[in-house]
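Chains as they are written, first to last, in the numbering used here: chain G, 17 to 308; chain V, 17 to 308; chain E, 17 to 308; chain S, 17 to 308.
A virtual CB, placed ideally from N, CA and C, is assigned to each residue, including glycine.
Protein chains: 4
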Amino acid sequence: MKALGFIGLGNMGFPMARNLRDAGFEVVAFNRTRARAERFATEGGRAGERPGDAAATGFVVSMVADDRALEEVAHGADGILENLPSGGIHVSMSTVSPALSRRLSALHRERGTDYAAAPVFGRPDAAEARKLWICAAGPGRARARSVLEALGQGVFDFGEDAGAANVVKLSGNFLIAAAMEAMAEAFALCEKNGVSREAAADLFASTFFSCPIYRNYGAAIAAERYSPAGFRLALGAKDLGLVLAAARESAVPMPAASLVHDRLLASAGRGRSDLDWAGLALSVSEEAGLRK
Amino acid sequence: MKALGFIGLGNMGFPMARNLRDAGFEVVAFNRTRARAERFATEGGRAGERPGDAAATGFVVSMVADDRALEEVAHGADGILENLPSGGIHVSMSTVSPALSRRLSALHRERGTDYAAAPVFGRPDAAEARKLWICAAGPGRARARSVLEALGQGVFDFGEDAGAANVVKLSGNFLIAAAMEAMAEAFALCEKNGVSREAAADLFASTFFSCPIYRNYGAAIAAERYSPAGFRLALGAKDLGLVLAAARESAVPMPAASLVHDRLLASAGRGRSDLDWAGLALSVSEEAGLRK
Amino acid sequence: MKALGFIGLGNMGFPMARNLRDAGFEVVAFNRTRARAERFATEGGRAGERPGDAAATGFVVSMVADDRALEEVAHGADGILENLPSGGIHVSMSTVSPALSRRLSALHRERGTDYAAAPVFGRPDAAEARKLWICAAGPGRARARSVLEALGQGVFDFGEDAGAANVVKLSGNFLIAAAMEAMAEAFALCEKNGVSREAAADLFASTFFSCPIYRNYGAAIAAERYSPAGFRLALGAKDLGLVLAAARESAVPMPAASLVHDRLLASAGRGRSDLDWAGLALSVSEEAGLRK
Amino acid sequence: MKALGFIGLGNMGFPMARNLRDAGFEVVAFNRTRARAERFATEGGRAGERPGDAAATGFVVSMVADDRALEEVAHGADGILENLPSGGIHVSMSTVSPALSRRLSALHRERGTDYAAAPVFGRPDAAEARKLWICAAGPGRARARSVLEALGQGVFDFGEDAGAANVVKLSGNFLIAAAMEAMAEAFALCEKNGVSREAAADLFASTFFSCPIYRNYGAAIAAERYSPAGFRLALGAKDLGLVLAAARESAVPMPAASLVHDRLLASAGRGRSDLDWAGLALSVSEEAGLRK
């Protein structure tokens, strides 16, 4: 049985690690708060003491919260870079900045190890059902492919530059947030004109917007049902912050991204960080005088 | 053979009138520039001299460019209101303001005639193929149903208030414009980071945005192909203007709608009124320094 | 003593009418709610029964709330147009749309009477102190000048097109709102970084922004003191609506105007219509998590 | 004669260094491109070989382009931190991020040296005329005061946190950019309605906006005169980028700042980096169809 390290057993990482175990890997998992790693051990995995234990397997996957968390597990004496054997690979599946992905890719190259960025689209239920969509890029993406296929329903290849996968992932999250903002505004206009939010959502989702984002988020925003959170609003605000940072570095004005970033930040400022990010629509309804 | 009037033989109206003729109606058509009405007559229809000739059939459908055009055919001695027989009906399929729709609905009620608003989603090719999606509302919508079904693939009922159908139609056009703006920004960010616009568009359109708007407009914006126009940018600007007018009357702040309205207006200011409205993406590429 | 009509004894109009009486005019005043006209009569003026009574003097000034109110006093058997003697003049000082101003100007020309638009900058205390700044335009502006000079500290001439004065007035209100929004954002950023709002406001107002708007609104926004209202937020929202309507008719994209209009509308939606319009800053503070 | 180091002899730094020399200091200057340092030496100053030469005086002032440039002169064997004698002070007058200012402040504290942030408002002509406005903060601000007074017409104290001065400076630049955007939009609306841009600018600048920003930038934007650049548009875009980075770190939604940042970035994308930053108004005129 082939060994494989997995770092980050959060809402996404835990079911992903389990799927890898089910696919026949001996999974050595590390998690910052140890309890979850121990729980994983009771389910047939192994708990590592530090990120380096996962990296020592030679093939380590990471799925952590943000740039800072990824930097913490990558660097230092206990970190991935220090403990990954020559010829090993780090597959970074977190939603992080393209800039960090590029820096890590360069560091791995210097050390004779491989790196691939492979951020995913999908919520925890999709992670569990192996229904994730995965954007892969970076020098190690070909080697990573079979592992990625055990985690999702499709892998898209974006080439040698690891940062490219992160750019596409962030672009996707921006598209989703923009669609939610637009629906929130449209449904508020409808409601104020005596049109049922649900009826409007149904029309769009069953015709020219007949796709998961409009169907699922449309139903949530029509019903104003934002908890439990599939994806926390605070994380959405973080991701749009990454979009804008990438936009600034790339000198791309993105006014719609600015708008939804401000909306998410404002929603967090109003105490809604733990709602689902579709909860950005609450401010829209309030501003229209529809809710208090 | 039942007679039916049709006003407005533009890119949308002409194939719609033809479909009604094919469905067995004797269609009396009026068009402001007479040549098109005469062409329609050579194809088996009849050409009226004035809007009232179409209205005199007792069942008149209108499909004209904007509020002003609809007011012109509705009012005056030669207009619909004056010439529609008692018990007759006017089915207004143009994209106009909810306010105008409500005024016309009230005028018809006063005169003992019926009114239904039935704006459509779809471009000329959809009109030709009877693939329009139709939003129906107003007192006469039930009577209009069979005729509407001869024109589209689905009719959605939004109740007694005629303006409701127009609000939903305008909301849909706003959602489309917002999606295009977001794609334009996302693809510019991708391109500047070395990611192919087409590759990004494909990923989204084949996964969680697998619906016609993202598929079709996504491909156009990825390839930056904006002519010939399926829907002229100038008309899009007009429609977003109607969205904002309705938003103001309803006291609904719609910042994303403001943004895309300004984008469309700015694109018109740069001389792009005759491109397809997806051409709003050109400014985005220019502002990112990708095109001159 | 020369007779002069005055229509609209609100917070602005009342002190203006009083100043005209003090300047030696016999003022015939009309107000929709009669009580204020009667109070004016006790102070040495005369109360008219209908707008036409004020117009019958041959020189009528109007200062009413909005387009609708101006249309009400202008039209009808009791209105200005019907009762103004040939050769008379209507000086319209309300903040209304350029479009309405132009329509009224044309109607007066047809009837052989004169029209001038003369909207003002300044709050009720400035009206009382004859410190208003006045934008004058339209065919009758030269005849109106001496009366206007009795009401303000400066009269600016914008030519024959009456609408021009209204465009400038609306532009000014937009500039003020934009400055307030910017200060609200800047002070929130300062406060969150441990900088006193007052200290920041003082710096700007005493150096390169040393002018009334930054000094007065800056102090109010720094102290978050929004009542009593010098200018009601609801009126500000109305005025920005007029700015955007004029922008749409003129095909001028105005994203900053859209932003502050949405901010004002959203503030009204949150129940703040009766605060001073500087109260738009409350949402900014809330969105930054500084207030609840 | 007291020695003093000065780093950065650009358009701002050169006249500032000269003023310090005129105030009686023996100025050791360092500039990345050596020619300007040599020119300074011919005018009675001394040219250093590396930043450390300026720092070795014990009192070093820096005025460089951006965060990166400041980091370059601060760090390394030839840098300020390494060569400033114990008890010395670094007065950083560049427009940089609060975050960098705070990091440098902490590093100086660790080494037993002092740090003050003292960014300035004013263009090169103001620098030459000792008319700068200076925001001072950080542990060393009291010691720096007399030197700062030799450079400007006023010094404002923002306390112990060095970053505070940078936040205020960035806030000021944002306020200026927002005022310029608003004027650009207002003047475009005026022009399209037949009102002279200059007449509108004059009214505002001579009444409630009678302050340098509206007077000077108003005149430039009215006349559409954007070169030579007093402050390059590219630097303005950089500064607004710093505003938004600070906003993100502080969790303050700043939609007006986002708007002007996007406007500046877009203007740079259209090839206008070397115009004065008031040149952001060109896009506004183009989008209104007023210019090509």
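Counting C-beta neighbours from all protein chains within 10 Å, is the total for residue i 16 or more, i.e. buried, or is it exposed?
i, result
"Arg84(E)", "exposed"
"Ser121(S)", "buried"
"Thr58(E)", "exposed"
"Ala297(E)", "buried"
"Pro114(S)", "buried"
"Glu303(S)", "buried"
"Gly21(G)", "buried"
"Arg213(E)", "buried"
"Gly252(E)", "buried"
"Ala145(V)", "exposed"
"Arg159(S)", "exposed"
"Lys208(E)", "buried"
For residue i, which residues does DSSP report across the bridge?
i, result
"Glu42(G)", "Ala19(G)"
"Gly168(E)", "Leu148(E)"
"Tyr230(G)", "DSSP lists no partner for Tyr230(G)."
"His106(S)", "Val76(S), Tyr131(S)"
"Arg248(S)", "Asp292(S)"
"Val276(S)", "According to DSSP, Val276(S) bridges with nothing at all."
"Asp173(G)", "Ala152(G)"
"Phe137(S)", "Trp149(S)"
"Arg62(E)", "Val44(E)"
Where residue i and residue j are concerned, what is the direct C-alpha to C-alpha distance, given to the nearest angstrom?
i, j, result
"Ala198(S)", "Leu191(E)", "6 Å"
"Ala81(V)", "Ala202(G)", "23 Å"
"Val163(S)", "Ala33(E)", "57 Å"
"Ile150(G)", "Pro269(V)", "36 Å"
"Val374(G)", "Ala221(V)", "As shown, chain G starts at 17 and ends at 308. That puts residue 374(G) outside it, with no answer to give."
"Ala261(V)", "Leu256(E)", "13 Å"
"Arg125(E)", "Tyr131(E)", "8 Å"
"Thr129(S)", "Leu100(S)", "8 Å"
"Asp94(G)", "Phe41(G)", "23 Å"
"Phe137(S)", "Arg50(S)", "26 Å"
"Ala245(E)", "Gly103(S)", "54 Å"
"Met28(G)", "Leu167(G)", "11 Å"
"Ala217(E)", "Gly287(V)", "42 Å"
"Phe247(S)", "Leu86(S)", "19 Å"
"Lys254(E)", "Val77(E)", "22 Å"
"Ser226(E)", "Ala178(G)", "51 Å"
"Arg66(G)", "Arg127(G)", "20 Å"
Does the distance from the C-beta atom of residue i to that of residue j stay below 8 Å?
i, j, result
"Asp278(G)", "Ser187(S)", "no"
"Gly285(S)", "Gly305(V)", "yes"
"Phe75(E)", "Ile96(E)", "no"
"Ser117(E)", "Ala134(E)", "no"
"Asp292(E)", "Ala236(E)", "yes"
"Phe224(E)", "Ile23(S)", "no"
"Tyr233(V)", "Ala152(V)", "no"
"Glu98(S)", "Gly68(S)", "yes"
"Leu25(E)", "Arg62(E)", "no"
"Cys206(V)", "Val259(G)", "no"
"Leu280(S)", "Ala267(G)", "no"
"Ala194(S)", "Val276(S)", "yes"
| Using a beta-carbon distance cut-off of less than 8 Å, what residues from the region 264-285 of chain E approach chain V? | Arg264, Ala267, Val268, Pro269, Met270, Pro271, Ser274, Leu275, His277, Asp278, Arg279, Leu281, Ala282, Ala284, Gly285
| What residues from the region 242-254 of chain V come within 7 Å of chain E, judged by C-beta to C-beta, listed N to C? | none
| request: Scan the region 195-223 of chain G for residues whose Cβ lies nearer than 8 Å to a Cβ of chain E and list them as they occur along the chain. | output: none
| query | At a Cβ cut of 9 Å, what residues of the region 170-186 of chain S count as close to chain V, listed as they run along the chain? | reply | none
| said: Any C-beta of chain E within less than 7 Å: which residues of the region 288-301 of chain G qualify? | reply: none
| message | At a CB distance below 8 Å, what residues from the region 43-72 of chain E approach chain V? Give them in sequence order. | response | none
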